[in-house]
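Novice:
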Amino acid sequence: MEIRQTACPLDCPDACSLDVTVDNGQVVKIDGNSINSYTDGYICAKVRKYPEHVYGKERILKPAIRQGKKGEGEFREASWEEALGLITDRMQEAARTFSGESILPLFYGGSNGYLTQDSADTRLFQRIGASQLLRTVCAAPSGAAAKGLYGKMSGVAFEDYPEAKTIILWGVNPGVSGIHLLPYLNEAQENGAKLVVVDPRAHRLARKADYHLQVRPGTDLALALCMIRWLWTNEMVDHEFLSRHATGADQLFEKCEPWSVGRTADVTGVPEETIETVARLYGESSPALIRCGWGLERNRNGGSAVAAVLALPAVAGKFGVRGGGYTMSNSGAWALDPEKAAGVTGYDPTLGPAPRSINMNKVGQALAFEDSPPIKVVFVYNCNPLAILPRQELVYKGLAREDLFTVVYDQVLTDTARFADVILPATTFLEHREIRRGYGAVPLQEGLPVIEPVGESRPNFQVFNELCHRLGVNREGDAETEEEFVDRLLEQTGRKEDYRQALAKDKIVYPECGVRPVLFQDSYPMTEDRKVHLFPEDLDQEAPRGLYVYQEDPGTTEYPLALISPATGRTISSSLGQLYRDQVGVAMSPKDAGDRGLSNGDTIRLFNDLGEVVTHVEVSDEMPEGVVFLPKGIWCQNTANGRTSNAVSPDTLTDLGAGACYNDARVEVERKAHGLDSGDLGTASSSGTHGSTGPSS
Ligand code: SF4
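The structure is reproduced here in structure tokens:
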């Protein structure tokens, strides 16, 4: 037995450092270690189960080529030579006949490591002139807002949370995502801090809070503007801070004017007295903190909502003290941007923008309606589009096209992989080298392989580099090895040798901005004038009705229920979803269930004009009236008809950043009277057994 060190690169803010116990070349246990002092020796249950992912029956061990009809999941084994040869031929044929734009890379955050995405893959797809994927399903609206107001300023370190007197968790649930914040929240509460949670759902942490503002989905913007207005009318605005460090305050205040407490209570569903109490608490507390998450961005008002929330600490003058300000993404702590850096990926700025960009939220339309030129090859990696993309029926329809050549390069047989023409086996982070940063915790960590690749799996960097050669787009000077790539990446910091040595010795390095900066003392906005821009003109131009302008709820009398799909404690986005085969229910308030004559466990259909999900109902006190919940990241095996919340999710876009509006799904729920119709199963498999994975999971 041997314990080997690495770091978790999965899509999570925390970036745990890990001890992996290896016996006879096999991983037998994964635990945390204290190399990353923030994660300090413990990890989530999700990654504790990771050996089941590495060695499970769904693991792809060899390349494979489709045998039966699309989606039936019948494949024959192939050699890497045959599989890569076929992929090369089909990509060349598509480029020759329809142009490079007919090829679409389809990928997301299955690994947040620098080597596994935005490395040799960027080089390949840019140089063959493929359509560019706009990866906007998460963090695009919040990223646009944070960049517009503060540049890429890092926020308050989680280690400083115990200093705060008031902490607002807004659209984030560290109980299931980013769990290492919990001890700091506990410590803050023990120190006497007040905890405020803004979330439609009364999850465990919300019930532990001093104040829970149970907003109707999509109305966070109204609440944030109302709080700013309240601070303003009650003379709790820090005018001195604003005059020294901010621009655009008057324009922001003008946009807050319509948001009286009474109107805001009507729109958000939060009682007037609670709004006023929390606004006063926030205004009077110092240090006061806002942990802004991503839940509030996934609707038509999402970008403006995040901007208004991030404006609060500037308006109320909460910066300049330890534990005061906000935290959103801390990825700006490392100014490493391999996607744009010529000489790292081989990305070539002289080639200009891609000939065609396709928003990830619209991939269903692009595949199913055959854009012009049609997409003829889709190359899926680090991603399970059938599980995560809106307009799921269109994604199914597109992937079922017999004239579409689909490559799925993954670790396990995902829902999407069943539609592949060629499947390639990918290594997990335990089997390849990786460099990663967190977007909550700030260190950069290196992980070397702790076991040999399982089966014939290969690392992304190697495979995309080989495809560059096969397609004849490699160039002299490209980083051809992982070692060369890491070298070039670190060169961007200007401190390559220091970081190289520190990574070799300690496996971890910290950024120059420091681990625990006091905002507006140790670090300032990364805008040109180093000020907060409370009303960035470009964001005002971008938002369809202007920045901070509320767009009404899309609910109708036919579809009155707001469907939300937050994360749970069992998957990381959709990663690891194959480990759970139980049927997942729709959580609903007792009142809504009663109005529809439903009892716990009844089989229901949740539907709108876009599609339907057949599963059971879980009546839950956690849910407010008018809101239902089906978790993010579930797979087709988790419902009776092989559909997930994305079957009813619209592909409309957020006001900023062209992001996903998952939480704008409006639906109705009714009893499924006669069990499943023969057509209900569609092309997906179903193996549901009744289980409880609803809101308390
Ligand atoms: S998913 Fe997050 S909490 Fe879990 S091990 Fe990875 S970094 Fe840590």
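For the sequence shown, our numbering gives the first residue as 107, with consecutive numbering after it.
Where a beta carbon is used, it is the ideal one built from N, C-alpha and C, also for glycine.
1) May I ask you to report which of helix, strand or coil DSSP gives R154?
2) Once the 5 residues before and after S629 are set aside, which same chain residues still bring their CB inside 7 Å of it?
3) Span of the beta strand (DSSP E) holding T721?
4) Buried or exposed: where does E269 fall if 16 or more other Cβ atoms within 10 Å of its Cβ makes it buried?
5) Please confirm whether any heavy atom of the ligand SF4 lies closer than 6 Å to the CB of D120.
6) From which residue to which residue does the beta strand (DSSP E) around P247 run?
7) Can G763 and A250 be called in contact, C-beta distance under 7 Å?
8) DSSP puts N714 in a beta bridge; with which residues?
9) With the cut-off set at 7 Å, would you say V810 and I710 are in Cβ contact?
10) Quick one: Cα of T795 to Cα of Q689, how far?
11) Which value, in whole angstroms, describes the spacing of the CA atoms of A753 and E188?
12) Which one of G206, Y453 and N436 has the shortest CA to CA distance from V548?
13) Using DSSP with H/G/I as helix, E/B as strand and the rest coil, what is S410?
14) When DSSP labels each residue in this structure, what does P268 get in the three-state scheme?
15) Short of 6 Å in beta carbon distance, which residues of its chain neighbour G426, apart from the five on each side in sequence? Order them along the chain.
16) Taking the alpha helix (DSSP H) that H538 falls in, what are its first and last residues?
17) Put P280 into one of helix, strand or coil per three-state DSSP.
18) Would you mind sorting P666 into buried or exposed? The rule is 16 or more other CB atoms within 10 Å of its CB.
19) Only counting the same chain, and skipping five residues up and downstream in sequence, which positions put a Cβ closer than 6 Å to that of Y47?
20) What ranges does the beta strand (DSSP E) occupy inside the segment 502-560, keeping only unbroken runs of at least 3 residues that lie completely in it?
21) Is I381 near the ligand SF4, with its Cβ less than 6 Å from a heavy atom?
22) So, with DSSP's three-state summary, where would you put F181?
23) Check the C-beta distance from Q320 over to P306 and give it rounded, since I have them as a contact under 8 Å.
24) With hydrogens ignored, establish whether the beta-carbon of V153 is closer than 6 Å to any heavy atom of the ligand PLP.
25) Taking just the CA atoms, how far does H345 sit from E658?
26) Quick one: is the Cβ of C244 within less than 6 Å of any heavy atom of the ligand SF4?
27) Does the beta-carbon of I494, which I'm using as the reference point, lie nearer than 6 Å to any heavy atom of the ligand SF4?
28) Within 10 Å of its beta-carbon, does A151 have 16 or more other beta-carbons around it, so buried, or fewer, so exposed?
29) Which first and last residues belong to the alpha helix (DSSP H) in which N566 is found?
30) Based on the DSSP output, what are the partners of S629 in its beta bridges?
31) According to DSSP, simplified to helix, strand and coil, what is T789?
32) According to DSSP, simplified to helix, strand and coil, what is H675?
33) Excluding the 5 residues flanking L331 on each side, which residues of the same chain have their C-beta closer than 7 Å to its C-beta?
34) What is the rounded straight-line gap between the Cα of E390 and the Cα of V376?
35) Give the straight-line distance between the Cα atoms of D477 and D227, rounded to the nearest whole angstrom.
Specialist: On the basis of the supplied data:
1) helix
2) M259, S260, C619 and P623
3) G717 to V725
4) buried
5) yes
6) Premise fails: P247 lies in the alpha helix (DSSP H), A246 to Y256, not in any beta strand (DSSP E).
7) yes
8) G717
9) There is simply no residue 810 to check, as the chain begins at 107 and stops at 803 in what is shown.
10) Low confidence applies here, because T795 scores a pLDDT of 31, under 50, leaving its location unreliable; read the following figure in that light. Between T795 and Q689, the C-alpha separation is close to 5 Å.
11) 36 Å
12) N436
13) helix
14) helix
15) F626 and Q627
16) H538 -> no alpha helix (DSSP H), and no H or E assigned at all.
17) coil
18) exposed
19) Outside the displayed span of the chain (107 to 803) sits residue 47, for which this structure offers no information.
20) 511-516, 528-531, 540-543 and 550-553
21) no
22) strand
23) 6 Å
24) Questions concerning the ligand PLP fall outside what the structure shown contains, since the ligands it does hold are the ligand SF4.
25) 32 Å
26) no
27) no
28) exposed
29) N566 to R576
30) L625
31) The predicted position of T789 is uncertain, since its pLDDT is 41 and thus under 50; a value taken from the coordinates is nonetheless stated next. DSSP places T789 in coil when its eight states are reduced to three.
32) This sequence places Gly at residue 675; His is not what is there. Three-state DSSP puts G675 in coil, outside helix and strand.
33) K361, C362, W365, A414 and Y654
34) 21 Å
35) 23 Å
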